[in-house]
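In the numbering used here, the protein residues as written are 7 to 260.
Following this line, the structure appears as C-alpha cells:
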C-alpha cells in the first residue's frame, strides 16, 4: 500500500507544460497545468502551478519539497442536494487549492529511512457545511509518514511505516475526498459531532523476499485506526475505530 498522505492528499496527474533545471546537486521542476484532468470543464479556466525541488547531499541522503497552487475541481459542491438552508444549488466552479509537501531520505548499507510532511487546504471542500447558513467551508489537513527498512541479507528485507493525518476541521475533507467515507475512514462520526472529522493513523509491517532474479514475494499487514468510529463493517453496517488489512503478492518480471 501507499502511505496515507500519498493516497489522500496528493494530485494524481497533470496535463500542461513545464520545465526542469539541473544545477549541481539541485533539480528544480515546475509546470503550469490542469490538475487531475486533461481538460477543464466549461467556465473553469484557471490552472495550477506545480513545482518540486530536490537536493541530493552526496550518495546516501537528500531532501525535497513540492507545492501546488491554483484551482481544481470541487466535488463537494456536486452533492445533488445543494444548500440545505436556502435550497439553492452550490456553485460547481473549481475552487482554490494549496498543497505543500516536504520529504527526506537516507539510504546506506542495509538501512533505508524516509520521511514526509504534508499540508493542504481547498476552499468550499469540507464535508460539513456551515450549520447556520448552509454555505460550504474550507477543508484543511496535515499529515506525515515515516518509514524504515532493513535488509537482513541481499534477498530479504523488512519494512515498518507509520502514517498520520489530522483532518478534523469542518467535519473533515481531503483532496478529492469531500464526503464521509466509511471504507477509508474519512469524515465525522455519523452519531456524533458533524463539525469534527476523524484523525487517522496507519501502522504497516511488510516483508519482501527476492526468490530469484525474476521473482519477488511480498507480504504486508496494516492496521488503520481513527479517533472516531468511522470505519463501516460491510457485514452488518456497524462502525468501529479500527480496520485491518493483509495482503500478499508475487511479482514476476522479464
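We put the beta carbon where it would ideally sit given N, CA and C, even for glycine. The structure displayed is predicted, hence computed values, not measured ones.
Whose C-alpha, out of the options, is nearest the C-alpha of residue i?
i, options, result
"residue 49", "60, 101 and 35", "101"
"residue 235", "188, 201 and 158", "188"
"residue 207", "23, 134, 99 and 250", "250"
"residue 18", "35, 42, 7 and 25", "42"
"residue 121", "190, 253, 149 and 159", "149"
"residue 28", "104, 38, 52 and 62", "62"
"residue 11", "245, 147, 195 and 226", "147"
"residue 7", "151, 186, 245 and 193", "151"
"residue 70", "193, 175 and 34", "34"
"residue 59", "133, 135 and 108", "108"
"residue 246", "253, 51 and 229", "229"
"residue 6", "85, 225 and 216", "Any answer about residue 6 is impossible in this case: the structure gives the chain only from 7 up to 260."
"residue 158", "57, 214 and 253", "214"
"residue 103", "182, 199 and 135", "182"
Can you tell me where the alpha helix (DSSP H) holding residue i begins and where it ends?
i, result
"residue 14", "10-15"
Express the C-alpha separation of residue j and residue i in angstroms, rounding to a whole number.
i, j, result
"residue 156", "residue 9", "18 Å"
"residue 259", "residue 143", "48 Å"
"residue 67", "residue 241", "46 Å"
"residue 256", "residue 221", "7 Å"
"residue 124", "residue 160", "33 Å"
"residue 231", "residue 168", "11 Å"
"residue 274", "residue 173", "Nothing in the structure corresponds to residue 274, since the chain is present only between 7 and 260."
"residue 164", "residue 211", "8 Å"
"residue 138", "residue 145", "18 Å"
"residue 171", "residue 192", "10 Å"
"residue 238", "residue 65", "46 Å"
"residue 112", "residue 99", "42 Å"
"residue 14", "residue 89", "26 Å"
"residue 243", "residue 22", "43 Å"
"residue 205", "residue 57", "28 Å"
"residue 225", "residue 16", "25 Å"
"residue 25", "residue 74", "15 Å"
"residue 223", "residue 114", "23 Å"
At which residues does the beta strand (DSSP E) containing residue i begin and terminate?
i, result
"residue 192", "No beta strand (DSSP E) contains residue 192, which DSSP labels as neither H nor E."
"residue 76", "67-78"
"residue 133", "Looking at the DSSP string, residue 133 is not in any beta strand (DSSP E), and its letter there is neither H nor E."
"residue 144", "Note, residue 144: premise wrong, no beta strand (DSSP E); not H, not E."
"residue 107", "101-114"
"residue 225", "221-232"
"residue 128", "117-128"
"residue 163", "162-172"
"residue 29", "20-29"
"residue 210", "206-218"
Could you check how far apart the C-beta atoms of residue i and residue j are, in whole angstroms? I think they sit under 8 Å.
i, j, result
"residue 201", "residue 177", "6 Å"
"residue 128", "residue 80", "7 Å"
"residue 119", "residue 154", "5 Å"
"residue 76", "residue 54", "3 Å"
Determine which residues share a DSSP beta bridge with residue i and list them.
i, result
"residue 57", "36 and 73"
"residue 248", "231"
"residue 258", "221"
"residue 152", "121 and 168"
"residue 237", "246"
"residue 180", "183"
"residue 63", "67"
"residue 88", "Paired residue(s): none; residue 88 is not in a bridge."
"residue 157", "163"
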